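Down below is the structure, laid out as structure tokens.
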Amino acid sequence: MRIDIISIFPQFFDCLDVSLMGKARDSGILQTHIWDLRDQSEDVHRTVDRAPAGGGAGMVMKPDIWGKAIDQVIDESGANKTVLAIPTPSGIPLAQARVRELAENTDHLVIACGRYEGIDQRVSQYYQQLPGVEVLPFSLGDYVLNGGEVAAVALVEATCRLLEGFVGNPQSLLEESYELSGLLEYPAYTKPQSWRGLEIPPVLLSGNHEKIKAWRREQSLILTATRRPDLIEKINPDVLNKTDREILAAHGFLPAPFKRKVRFRLARVGEEATCSALASRLFPQACPPYLPPDAIERFIAENLSEQVFKNYLKDPGIQIVLAEIDAYETAEAQNKLPQWQPVGYTLIKAGSPGYLPPEENLVKATGENCAYLSKCYVEPQWYGSGLSGAMLEVSHFTLQKRYPHIVKIGLGTNLGNRRARKFYRRHGYRKCGQRIFMVADIENQDLVAVRDFTTCQIPSWAKNVAQ
Ligand code: ADE
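This is the structure:
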């Protein structure tokens, strides 16, 4: 690739000799030419700028001087196609995809570094309509530099490192931020193992490559969700698996096709109306098809009323976690206050130390200090979004924090509900028996399952999420 840089501060670009950039030039994959714009000026003061037409502060760089400079480098290069990059705070934000395209498809790059109030607009206009030239006005970010030189160096460095033969291991480039997955890169560590009281995360020293890969993926997702939520919207949904979605949900996002923000919080005393309405709405949707509507209605009236929830919310041994979705789609939510609407919940009974779950089979399998996951419901519209898994793990974590005596958790789920059984298996629940579950006077066969937090630990991404 040939790069011509035109500037009134040619000495600025001495930095390109340093490090790999110099090596790239020596190896021939890159030729850089630096030009002094003032050499095109014809007056003794080497003037390149004038007052702006229409008045106002500052000076504008003259089109005739720039035209001569640019024509000269295009002629000299002999290139069929030139990209004329113009750094300006009003350009399109420079992104990795554009840089990659430049590195792969451009033989000749000219960078025109403006100063002062910029370059006369007609320069950009003229070259835009010239065959064989593509004009690329680009910005480094939403801040104003004194001129385009720093941005030019950034463009050269970002582009050159993607040229074939520039780095030793091209795979390392693909693992970076913004490449392939559209996520930020995971954090890196090296020895010493302990530095000023801070440790390398133990998983990185475990030698278990699967676990290391999973940890790095998790870190990438969390970093992206917390630092660059704008990138979440741009993730290709095909690259996200179930766990990825759960991690993002735990950090507030349900990416496409759901495109919503989500949050998890403990239900508070006084919210019995919200809880009862939600529970009554969700219960029928999860019932087996053979249950008659009147049995469902009776169950709701007896077990999910406001009064029942009022008692639950007052009970210090009971935890209710709500999952709430913002009514606005992420794209339109930007300048609006979120409108949180409950779409799922868990209700866990934990009691005080020595607590026994209310299920005979759980008592047999676990003994005391086993919590009981009494309810775990999500509106079917959000199945597949990661919300349910996030809600469950966040509830586990909150439970352990609030009730440190709890070491296990058990549940019953309808034998015929394969979706639920698969879900709980994925989240570490193992079958330990059966029970009869009554809905009004109808008997239902339930599977009873238990998860042991000592052998199946709560994932770190579920920590400190619930508000
Ligand atoms: N020139 C001045 N500010 C700039 C920015 N933010 N990006 C690119 N070029 C600039």
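Using this note's numbering, the first residue of the sequence shown is number 2, and each one after it goes up by one. Note that beta-carbon positions come from the ideal geometry of N, C-alpha and C, so glycine has one too. As the structure is a prediction and not an experimental result, all values here were calculated from the model.
Problem set entry | Between the CA atoms of G142 and G57 - distance to the nearest angstrom | By one-based count along the sequence shown, residue 57 stands at place 56. By one-based count along the sequence shown, residue 142 stands at place 141. Cα-Cα distance, rounded: 25 Å.
Exercise. Under 7 Å from any heavy atom of the ligand ADE, does the C-beta of L38 make it?
Worked result: Counted from its first residue, the sequence shown places residue 38 at position 37. It does not: the Cβ of L38 is nowhere closer than 7 Å to a heavy atom of the ligand ADE.
Exercise. With C-beta atoms as the reference, is F14 less than 8 Å away from I35?
Worked result: Translated into positions along the sequence shown, residue 14 becomes position 13. Translated into positions along the sequence shown, residue 35 becomes position 34. For F14 and I35, yes; Cβs fall inside 8 Å.
Exercise. Quick one: Cα of L164 to Cα of G133, how far?
Worked result: Translated into the one-based positions of the sequence shown, residue 164 becomes position 163. Translated into the one-based positions of the sequence shown, residue 133 becomes position 132. Answer to the nearest angstrom: the Cα atoms are 22 Å apart.
Problem set entry | Inside the region 305–359 only - beta strand (DSSP E) runs reaching at least 3 residues | 319–327 and 341–350
For this session: Using three-state DSSP, classify E165 as helix, strand or coil.
Result: By one-based count along the sequence shown, residue 165 stands at place 164. Here E165 sits in coil by DSSP.
Exercise. My guess is that A280 and Y346 are in contact by the Cβ rule of under 8 Å, so how many angstroms apart are they, rounded?
Worked result: The residue labelled residue 280 in the question sits at position 279 within the sequence shown. The residue labelled residue 346 in the question sits at position 345 within the sequence shown. Contact flag correct, Cβ pair sits at about 7 Å.
Exercise. Does any residue of chain B bring its CB to less than 8 Å from the CB of K243?
Worked result: In the structure shown, chain B does not exist; there is a single protein chain.
Exercise. Where does G68 fall in DSSP's three states?
Worked result: The residue given as residue 68 occupies position 67 in the sequence shown. G68: helix per DSSP, three-state reduction.
For this session: Can you tell me which of the three DSSP states V408 falls into?
Result: For the purposes of this step, residue 408 is identified with residue 407 of the sequence shown, where counting begins at 1. Note: V408 maps to coil in three-state DSSP.
Problem set entry | Collapsed DSSP secondary structure at K63 in the structure displayed | Sequence index remark: in the sequence shown, residue 63 carries index 62 (1-based). Note: K63 maps to coil in three-state DSSP.
Exercise. Which partner residues of L283 appear in the DSSP bridge assignment?
Worked result: Here the question's residue 283 lines up with position 282 in the sequence shown. Answer is none; L283 lacks a bridge partner.
For this session: Going by DSSP, name the residue or residues bridged to R452.
Result: Locating residue 452 in the sequence shown gives position 451, counting from the first residue. Answer is I410, bridged to R452.
Problem set entry | Local Cβ density within 10 Å of G79, reported as buried at 16 or more and exposed below that | To locate residue 79, count along the sequence shown from 1; it is residue 78. That one is exposed.
For this session: Please indicate yes or no: does the CB of L141 lie closer than 7 Å to some heavy atom of the ligand ADE?
Result: As a working note, residue 141 is residue 140 in the sequence shown. Flag set: Cβ of L141 near the ligand ADE.
Exercise. Which residues mark the beginning and the end of the alpha helix (DSSP H) in which D121 is found?
Worked result: Locating residue 121 in the sequence shown gives position 120, counting from the first residue. Neither: D121 is in no alpha helix (DSSP H) and is coded neither H nor E.
For this session: Mind checking who I93 pairs with in its DSSP beta bridge?
Result: Translated into the one-based positions of the sequence shown, residue 93 becomes position 92. I93 is bridged to F139.
For this session: Could you please give the first and the last residue of the uninterrupted alpha helix (DSSP H) stretch that includes M392?
Result: Residue 392 sits at position 391 when you count from the first residue of the sequence shown. Per DSSP, M392 belongs to the alpha helix (DSSP H) from L388 to R403.
Exercise. Given that a residue counts as buried once 16 or more other Cβ atoms are within 10 Å of its Cβ, and exposed if not, what is I93?
Worked result: Here residue 93 refers to the residue found at position 92 of the sequence shown. So I93 ends up on the exposed side.
For this session: Select from L241, L95 and K235 the residue whose C-alpha is nearest the C-alpha of S386.
Result: The sequence position of residue 386 within the sequence shown is 385, counting from 1. Out of L241, L95 and K235, L241 has the C-alpha closest to the C-alpha of S386.
Exercise. In the structure shown, what three-state DSSP assignment does Q446 receive?
Worked result: As a first step, residue 446 must be located in the sequence shown, where it is residue number 445. Residue state, collapsed to three classes: strand.
Exercise. When you compare each of G413, E273, K235 and D5 to D76 by their alpha carbons, which one comes out closest?
Worked result: Within the sequence shown, residue 76 is the residue found at index 75, counting from 1. Closest option to D76, Cα to Cα, is D5.
Exercise. In or out: K214 buried (at least 16 other Cβ within 10 Å) or exposed?
Worked result: Position 213 of the sequence shown holds residue 214. With fewer than 16 other Cβ atoms within 10 Å, it is exposed.
Exercise. How far does the beta strand (DSSP E) with D37 in it reach, from first residue to last?
Worked result: Working through the sequence shown from its first residue, we reach residue 37 at position 36. From DSSP, the beta strand (DSSP E) with D37 extends over Q32 to D37.
Exercise. In whole angstroms, what separates the C-alpha of P359 from that of D447?
Worked result: Numbered from its first residue, the sequence shown carries residue 359 at position 358. Numbered from its first residue, the sequence shown carries residue 447 at position 446. Their Cα atoms are separated by approximately 14 Å.
Problem set entry | Euclidean distance between Cα positions of A70 and E43 | Here residue 70 corresponds to residue number 69 of the sequence shown, with the count starting at 1. Here residue 43 corresponds to residue number 42 of the sequence shown, with the count starting at 1. Taking the straight line from one Cα to the other gives about 12 Å.
For this session: Consult DSSP for F265 and reduce its assignment to one of helix, strand or coil.
Result: As a position in the sequence shown, residue 265 is number 264, starting the count at 1. Strand, per DSSP.
For this session: Report the option in V154, I112 and Q342 whose CA atom is closest to the CA atom of G23.
Result: Counting from one through the sequence shown, the residue named residue 23 turns up at place 22. Among V154, I112 and Q342, the Cα nearest to that of G23 belongs to V154.
Problem set entry | Per-residue DSSP class, three states only, for Y425 | For the purposes of this step, residue 425 is taken as residue 424 along the sequence shown, with counting starting at 1. Helix at Y425.
Problem set entry | Where A372 sits in the DSSP three-state scheme | Taking the first residue of the sequence shown as position 1, residue 372 is located at position 371. Strand at A372.
For this session: Using 7 Å as the cut-off, classify the Cβ of G148 as near or not near the heavy atoms of the ligand ADE, replying yes or no.
Result: Here residue 148 is taken as the residue at index 147 of the sequence shown, counted from 1. Answer for G148: yes, Cβ within range of the ligand ADE.
Exercise. Relative to the ligand ADE, is the shortest distance from any of its heavy atoms to the C-beta of V124 smaller than 7 Å?
Worked result: The residue given as residue 124 occupies position 123 in the sequence shown. No, Cβ of V124 sits at least 7 Å from all heavy atoms of the ligand ADE.
For this session: Kindly examine the ligand ADE and report whether one of its heavy atoms sits closer than 7 Å to the Cβ of A152.
Result: Position 151 of the sequence shown holds residue 152. Taking non-hydrogen atoms of the ligand ADE into account, the C-beta of A152 is found less than 7 Å away from one of them.
Problem set entry | Under 8 Å between C-beta atoms of V124 and P90 | Position 123 of the sequence shown, counting from 1, holds the residue named residue 124. Position 89 of the sequence shown, counting from 1, holds the residue named residue 90. For V124 and P90, no; Cβs fall outside 8 Å.
For this session: Can you tell me which of the three DSSP states M439 falls into?
Result: Working through the sequence shown from its first residue, we reach residue 439 at position 438. Three-state DSSP puts M439 in a strand.
For this session: Using the Cα positions of G390 and E380, report the straight-line distance between them to the nearest angstrom.
Result: Working through the sequence shown from its first residue, we reach residue 390 at position 389. Working through the sequence shown from its first residue, we reach residue 380 at position 379. Spanning the two alpha carbons is a distance of roughly 13 Å.
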